[in-house]
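Data first, discussion second: the structure below is written as structure tokens.
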Amino acid sequence: MIRRKLKSRIKALFATLAAGAILILITSTGADAQEAFGVSSVLLEKITVTARKREEPIQNVPLSVTHFSSEQIDTLKVRNLESLSVTMPNVALDDIGTVGGIASFSIRGLGINSSIPSVDPTVGVFVDGVYVGATNGTLFDTFDIESIEVLRGPQGTLFGRNVTGGAVLVNTKKPGDTLEMSVRTSFEGGGESLNSYYMGTVGGPLSDTVSARITAYTNQDNGWFKNLHTGKAFGDLDVRMVRPVLVWDPTDDFSLVLRYQYESVDGDGPAAQSHRNGSGLANAAAPFDRDSHDFSINEEGKRENDTHFFTAQADWDVDFGDGTITNIFGWRDSETFSALDLDATPADLIYAEAWSNYSQLSNELRYSGKFFEKLHATTGGYYFTNEINYHEHRSLVAGAISPLGGGNYDVETLGWFLSLDYDLTSKLTLTAGARYTREKREAEIAQINIIPQPCNIVEGPACEFDFTDKETWHSWSPKLGAAYYISPGTNVYAHWTRGFRSGGYNLRNLIPIDIQPPGPYDEETVDSFEAGFKISKDRGRLYGAVFYNLIDDLQREVNFPDETLFGIVQLIKNTADVETYGFELDGLFAISQNLLLTGSVGYVNPEYTKVKEDLNRDGTLDENDLALELPRAAKWTYSVGLTHDTGTTSWGRLTSRINYAYRDKSYFTDDNRGYIMEQNILDAGIDIVPVNGRFSIGLYAKNILDEVKHGGDSQLPPDLLGVPLGGTFSPLAKGRILGVQLTYRHGS
């Protein structure tokens, strides 16, 4: 039955995509002979991406890719990756909010709902080619960014583990051939207090072979929210970042790029709201409406983070296959402290503190070249290691009980990959690839429990460990595909590929180890079948795809309330097997020389085919578990926008834009009692550039409808150690934002 339904729906989806393709082909007839339209000079320009680890036009890449150039990032006033959360089909780039800056990304229904540092993401983030192994700190500040590429679907062959949903590629700017300088400041209101940004960058050649660039950024936020318990502004944040870049080009065939980034973050804890939970229980002291930004907490919490990030990329052009040898080394180190009011009320019931140190080293050596004028090969090896030290302390009922624990976690990964593209004819290209990965994980874990002698795994004194173990996983990520290039700018493609997340251990273990050990849980694999098309004309472009995924041994953090001791328990389990199918369309069209229409639509429908855990916690595995919805999988996403550009006039240039985006309701907990509301996001802005082009002013509004979004929706028990509780722990995101931005540029 499921197979028959699937076939009929895929036929309908193919019909939808075909209709869209015919429309843009008809409206673009003769457009190839026209000059580029004024408003489309940026958005319709030739786009080069690195989605296959080599530079190539986006319309030739047989993948679902969304690209944001530096100009688009500036125009959209993107401050971090979360700003793009509802702008792409089937993509959610959210901040989980438990601790600010922790990525909770989901693509095509594959996402996580966890702040546990040992939980791997489903969407990998790569900054200048280096995989960022921790979800903490991956909501990257986007000033002085060259481009952002979002790849939908498993990318395991070229990018390895933890990209079962997709990958986000962030590329920072390098110095140019001439002196460039940019200074920018932004001021945002709409909430309780002012939020300000100050940014600057300068770069250019130092000699014939050496160039440099340095970027500085600070965000001083006095708090968008109002804590009803104190009556004062809440959400204070102080972010400081500096990023020097050095480029050495000793010959035409060799280049070395060195990048270093330091970032410090100091701010309040989450704006935690308590509203009526899925069991119908609200907290008497904090019975807030879910569709509001109201909250009241007595412990305002803390967020502190210091991060060092260094990358070195060497590129050497060689005669062999007219190719390039690339080596990318990365080192990242961070120290984090967080504190939060976990009961989300003005009562002193659950206060949690956590310390986390994270360090990673990685190196990728690869070669890319072309042979016999038909075979393009990319191959290489990869090494990655990281170490996590984590400690958590909870204070329950005004300190009556103070459980603590955590652990140490070591990961070592070795990988080898090969990807081949063979031009069978001038129009037909076949693709084959594979990646082998060996991953070893070791864990020392102290169960979070009442310990007679205080200890701290991160800062000392040392804790005694209740559990030690290690495990190794071996995985293959193959890929087979084909692309047919109908005409310049028009092609269709299809492929099958596999992605995986290795197994692991739970550093936040709250259940006695003899009842529920913290691991190892097994690896998750995703087999993805995708077919799509790309049409790119001078007048517009339209990209579309349908996909069908088979997910085996789905990894989930099972989040549920605990009445006896800890308030909230989080288990990491292989909960189910899942089938997922859907489609997406993404395009833009120049209505006139000055008016551009953009739009997208995405649909995803996951269904459990086999359930291995009692997800609704009713004591049995049955059809009620199978009927649950997969968390972090919003069924519908769509957007539509208009951009108008006056073109160059005697006084300068004015660009205005308006965009509406929708994201469906999605569930946060596996029992579906916790959920994230649907989003209706309306943004608008005007940018004015005087005739000299050096100064510009931007006026913008984000989330004009003041929509409420929660990073999570953890359910709290009816009582805690006999004290009434109820409600939820639901961190809030900001609502309506009104801003002004001033920019000065020289030489760019």
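Taking our numbering, I'd label the letters of the sequence shown as residues 23 to 770. We put the beta carbon where it would ideally sit given N, CA and C, even for glycine. This structure is a prediction, so every number in the text was calculated from the model and none was measured.
Distance from the Cα of Y507 is smallest, within the candidate group E461, Y284, T447 and K492, for T447. Within the stretch 653-682, complete beta strand (DSSP E) segments of at least 3 residues are found at 658-667, given in chain order. Residue environment analysis places S417 among the buried positions, since at least 16 neighbouring C-beta atoms fall within 10 angstroms of its C-beta. Boundaries of the alpha helix (DSSP H) harbouring S92: S92 to T97, taken from the DSSP string. Between the stretch 266-282 and the stretch 327-335, the count of Cβ pairs shorter than 8 Å is three or higher; the stretches touch. Each of G175, D166, D705 and Q81 was checked against the Cα of F127, and the nearest Cα belongs to G175. The Cβ atoms of D575 and E546 lie closer than 9 Å to each other. F394: not part of any beta strand (DSSP E); DSSP gives it neither H nor E. Beta-carbon to beta-carbon, G323 and P292 are separated by about 7 Å, close enough to satisfy the 8 Å threshold. Our two residues, D230 and V267, have alpha carbons roughly 16 Å apart in a direct line.
In this structure the stretch 495-512 does not touch the stretch 136-153; the number of beta carbon pairs closer than 8 Å is below three.
Per DSSP, the continuous beta strand (DSSP E) segment holding F127 begins and ends at A125 to I129. The DSSP-derived three-state label of I470 is strand. Rounded to whole angstroms, N702 and A598 show a C-alpha spacing of 31 Å. Rounded to whole angstroms, the separation of the alpha carbons of F489 and R685 is 42 Å.
Note that the C-beta distance between R101 and T602 is not below 9 Å. The beta carbons of E202 and G761 sit no closer together than 9 Å.
In the structure shown, the three-state DSSP call for N596 is strand.
Around F148, the same chain offers V154, F181, A189, V190, L191 and V192 as residues with beta carbons nearer than 8 Å, after the five sequence neighbours per side are excluded. Of D328, P368 and F342, the smallest CA-CA separation from E357 is found for D328. One alpha carbon belongs to G187, the other to P79, and they sit about 23 Å apart. The DSSP-derived three-state label of N349 is strand.
The secondary-structure analysis by DSSP pairs R388 across a beta bridge with T348 and G402. Shortest Cα-Cα distance from F555 to any of L85, Y404, L618 and R457 involves L85.
Scanning the stretch 711-748 from its first residue to its last, the whole beta strand (DSSP E) runs of 3-plus residues come out as 717-724. Nearest in C-alpha terms to S218, of all of D258, K196, L572 and D166, is D258. When the Cα atoms are used, K731 and S509 turn out to be separated by approximately 44 Å. Within the stretch 297-374, complete beta strand (DSSP E) segments of at least 3 residues are found at 324-340 and 345-363, given in chain order. At a Cβ-Cβ threshold of 9 Å, G748 and A374 do not count as neighbours.
Per DSSP, T494 is one residue of the beta strand (DSSP E) stretching across F489 to W498. Taking each of A655, D692, P309 and N616 in turn and checking the Cα distance to D647, the smallest one comes out for D692. Inter-residue distance for R262 and T120 is about 21 Å (C-alpha atoms, whole angstroms). For F181, the enclosing alpha helix (DSSP H) starts and ends at G178 to F181. Out of S204, G225 and K248, the CA that lies nearest to the CA of G757 is found in K248. Between I590 and L364, the C-beta spacing is below 9 Å. For L648, the enclosing alpha helix (DSSP H) has its first and last residue at E645 to L648.
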